[in-house]
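Only one structure is covered here, and it is reproduced in the block below.
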Amino acid sequence: MASPRKRPLRIATYNVEWFNALFDDNGRLLDDGEPSARYKISRNRQIGALGIVFSALNADAILVIEAPDTGSRRSSVTALENFARTFELRCHRAITGYASETEQEITLLYDPDRLTPRHDPQGDPVGKKGSRDAPRFDGVFRYDLDTDAAPDLIRFSKPPLELDVTTNRGKHLRVLGVHIKSKSPHGVSGTEFVRLSIENRRKQLAQCIWLRARVDAHLEAGDSVIVLGDFNDGPGLDEYEKLFGHSGVEVVLGHDVPPERRLFDPHAAMVTKGRMGLAPTTARFWLAPAKHYFEALLDFIMVSPDLLRCAPDWRIWHPWNDPACLATPELHQALLEASDHFPVTLDLPGY
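To convert, take the position in the sequence shown, counting from 1, and add 1177; that gives our numbering.
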């Protein structure tokens, strides 16, 4: 095994379904045979599966999407550090940002021997009236979604996690952890369903425009940038993309900016370029009405051009499509039981 100073820095993003339901209010694991929030999976089975997956990743930093809740009685950091201690993970320290309006946080587990992250939100704090100038992510962004000259007020239900990261080699990174999500219409049908779907997609696109503005500011400052997480969106994901011309993922990547300012993710590139009809996926959902599984590309790790020149390596830990995961029965089964998303890793040489 390569020494810590020689091996590439490995960064992962992993959306863990119903992670919060595996902990009590003191952040202790509920390691028992009671049902978890995952269908027909007990809490101890999901916990054990997660331990196998996190251990197999052997990452220096893991961005946990849908991390345990932070509130008046619960702490995402405490819960994840207890989880890491249970499975003796190298990533045993945790850092989080602004608490979300939901029971799902964006929290980074990391190895303090490899890197030092600092929560460093950018942008100005604003009041309820918001700002057009990409304010702080816990604020309000004023953006005209429907060209009626009346700006809409855009908020993140899960404010992105902004980190200033220093590696043990003295390298600096700006890391933006995101969980872009719009509400799905429930209890409506017909034209009302279509109207609400389009409205929600507009809001999702506006969040991505807000995020891209922050990326532009970092690139102008000469920062090395990584944007990672769950976008609940991707090139060609649904029919509403045709109404707006591009997906939110393409907006964040920088579809309309010069090449030297574009972010890159190889899996997004495969879909947008339509090479041989290849479509990698990072999530697997059961569709009850159709009685089959649906797969989608929702999770990304985007890098700035300077990091791309370091020849990084991406990997989707898909239980069926990744040969090593398929050939390792314990890991294969764990990936299926742990979550409805699969981890994505980035190996970054020289960092």
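Just so it is clear, CB atoms sit at the ideal spot from N, CA and C, and this is done for glycine as well. Only a predicted model underlies this, so the values are computations on that prediction, with no experimental measurement involved.
Inter-residue spacing [alpha-carbon to alpha-carbon] between residue i and residue j
i	j	result
residue 1267	residue 1240	14 Å
residue 1287	residue 1376	37 Å
residue 1526	residue 1346	11 Å
residue 1290	residue 1209	33 Å
residue 1507	residue 1515	12 Å
residue 1380	residue 1478	22 Å
residue 1220	residue 1399	45 Å
residue 1436	residue 1446	13 Å
residue 1469	residue 1242	25 Å
residue 1303	residue 1214	37 Å
residue 1386	residue 1341	21 Å
residue 1511	residue 1349	34 Å
residue 1456	residue 1474	8 Å
residue 1332	residue 1493	30 Å
residue 1251	residue 1222	23 Å
residue 1212	residue 1196	13 Å
residue 1509	residue 1503	6 Å
residue 1185	residue 1524	5 Å
residue 1322	residue 1482	30 Å
residue 1199	residue 1245	8 Å
residue 1150	residue 1521	No answer is possible for residue 1150: it lies beyond the span of the chain, which begins at 1178 and ends at 1528.
residue 1259	residue 1205	7 Å
residue 1233	residue 1307	43 Å
residue 1189	residue 1466	33 Å
Which of helix, strand or coil DSSP assigns to residue i
i	result
residue 1531	The shown model of the chain, from 1178 to 1528, leaves out residue 1531, and the question about it has no answer.
residue 1497	coil
residue 1339	strand
residue 1192	strand
residue 1449	helix
residue 1476	strand
residue 1406	strand
residue 1524	strand
residue 1322	coil
residue 1383	helix
residue 1444	helix
residue 1425	helix
residue 1356	strand
residue 1517	coil
residue 1534	Limits of the chain in this structure are 1178 at one end and 1528 at the other, which puts residue 1534 out of reach.
residue 1455	coil
residue 1389	helix
Cβ-based burial, residue i [other Cβ within 10 Å; buried from 16]
i	result
residue 1497	exposed
residue 1191	buried
residue 1136	With the chain running from 1178 to 1528 in the structure shown, residue 1136 is simply not present.
residue 1490	exposed
residue 1444	buried
residue 1463	exposed
residue 1279	exposed
residue 1296	exposed
residue 1175	Nothing in the structure corresponds to residue 1175, since the chain is present only between 1178 and 1528.
8 Å Cβ cutoff met for residue i and residue j
i	j	result
residue 1328	residue 1309	yes
residue 1404	residue 1396	no
residue 1356	residue 1272	no
residue 1389	residue 1429	yes
residue 1441	residue 1485	yes
residue 1431	residue 1408	no
residue 1391	residue 1276	no
residue 1354	residue 1285	yes
residue 1298	residue 1314	yes
residue 1274	residue 1194	no
Beta carbon proximity, residue i to chain B, threshold 8 Å
i	result
residue 1206	No chain B appears in the structure shown, which is made up of a single protein chain.
Checklist entry - Which runs of the beta strand (DSSP E) fall wholly inside the stretch 1205 to 1259 and span at least 3 residues, in chain order? => result 1238 to 1244
Item to check | Runs of beta strand (DSSP E) lying entirely within the stretch 1263 to 1299, each at least 3 residues, in chain order | outcome: 1270 to 1273, 1282 to 1287, 1292 to 1296
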